[in-house]
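Chemist: Position 115 of the sequence shown, counted from 1, bears residue number 115 in UniProt numbering, the numbering being contiguous throughout.
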Amino acid sequence: MRLPLLPPSELGAEQRPLYDDMRKGIETTFKGFTAIDRAGQLIGPWNPWIRFSRFGGPVWELVKSLSSSPSLPKPVREIAILVTGAHFHSAYEIYAHVLVAELRGIPDDKIATIIAGQRPGDLTREEAVAYDLASALVSGGTLPALTYQQAVGLFGEEGTAEFIYLVGLYCMVSVTLNGFDVPVPEAAESR
1 MRLPLLPPSE
11 LGAEQRPLYD
21 DMRKGIETTF
31 KGFTAIDRAG
41 QLIGPWNPWI
51 RFSRFGGPVW
61 ELVKSLSSSP
71 SLPKPVREIA
81 ILVTGAHFHS
91 AYEIYAHVLV
101 AELRGIPDDK
111 IATIIAGQRP
121 GDLTREEAVA
131 YDLASALVSG
141 GTLPALTYQQ
151 AVGLFGEEGT
161 AEFIYLVGLY
171 CMVSVTLNGF
181 DVPVPEAAES
191 R
């Protein structure tokens with residue numbers, strides 16, 4: 001870990017309102033994994049975002065925008081996030097979203113195959129399009145027209161835009177986690 005956790009008592013004037021908003025958002029939206037330690041310190045990507053609030057504040061606004069009233073089905077969102085986290089080998093991202101995917105009803109064998117960087121053979125049509133779309137986006141280059149058309153056919157133009165922005169956000173989350181060497185919480189390592 002390259003950045004020590006920032007205790008709430010040491011927050012600066014710009015950091016305090018962001019911390020309060022992040023903590024509230026974490027407690028209401030991000031369930032199933034550890035994002036706040038017992039001392040009230042934010043872990044995962046939130047620690048770097050709060051420490052460098054000039055950058056973290058706008059990222060947090062995007063997180064909130066993509067988390068409030070999403071149009072995509074929850075399993076589709078989780079497949080997108082898992083494909084992205086697996087592509088970047090982002091330990092905290094994978095830890096958190098394996099737990100969320102389980103809560104969303106995605107079977108463990110599908111999750112394990114996705115985080116191994118492979119496409120499960122038993123995906124539903126929506127899951128298959130989500131996997132293919134996320135895989136194409138993280139691979140770089142222009143999204144193939146057929147993949148885009150399939151996504152628009154299933155999720156609509158607005159839903160496809162939401163998906164593309166979601167993958168872009170989680171690319172940033174993964175790079176942040178990897179760049180600052182953010183670990184999986186100690187209690188989760190024994191899982």
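Where a beta carbon is used, it is the ideal one built from N, C-alpha and C, also for glycine.
Any contact of the segment 81-96 with the segment 10-26, i.e. 3+ C-beta pairs under 8 Å?
Modeler: no
Chemist: Closest Cβ-Cβ distance between GLY32 and chain D: below 8 Å?
Modeler: This model lacks chain D altogether, as it is built from one protein chain only.
Chemist: Alpha carbons only, please: which of ASP20, ILE43, SER90, ILE79 is nearest the one belonging to VAL100?
Modeler: Scanning ASP20, ILE43, SER90, ILE79 for the CA closest to the CA of VAL100 turns up ILE79.
Chemist: Please state whether DSSP places LEU111 in a helix, a strand or coil.
Modeler: Looking at the sequence itself, residue 111 is Ile, so the reference to Leu does not match. Correct three-state label for ILE111: helix.
Chemist: Assign LEU123 to one of three DSSP states: helix, strand, or coil.
Modeler: coil
Chemist: Look up ILE106 in the DSSP assignment and say whether it is helix, strand or coil.
Modeler: Of the three classes helix, strand and coil, the one that applies to ILE106 here is coil, per DSSP.
Chemist: Could you check what DSSP says for LEU42 in three-state terms: helix, strand or coil?
Modeler: strand
Chemist: Can you check whether the CB of VAL129 is closer than 8 Å to the CB of ALA151?
Modeler: yes
Chemist: Where do the ends of the alpha helix (DSSP H) carrying VAL184 lie?
Modeler: Unbroken run through VAL184: none, as it is neither H nor E.
Chemist: Spatial neighbours of SER90 within its chain, please: C-beta separation below 6 Å, excluding the five flanking residues on both sides.
Modeler: SER174, LEU177, ASN178
Chemist: Here's the rule: buried if 16 or more other CB atoms are within 10 angstroms of the residue's CB, otherwise exposed. What is GLN118?
Modeler: exposed
Chemist: Could you tell me the alpha carbon to alpha carbon distance between LEU82 and ASP20, rounded to whole angstroms?
Modeler: Straight-line Cα distance between these residues: approximately 28 Å.
Chemist: May I ask you to list the residues that DSSP assigns as paired with ILE36?
Modeler: LEU42
Chemist: Tell me which residue opens and which closes the alpha helix (DSSP H) that ALA80 is part of.
Modeler: 74-88
Chemist: Answer yes or no: do LEU6 and ASP37 have a C-beta to C-beta separation smaller than 8 Å?
Modeler: no
Chemist: Taking DSSP as the reference, what is the three-state secondary structure of ALA13?
Modeler: Coil at ALA13, not helix or strand.
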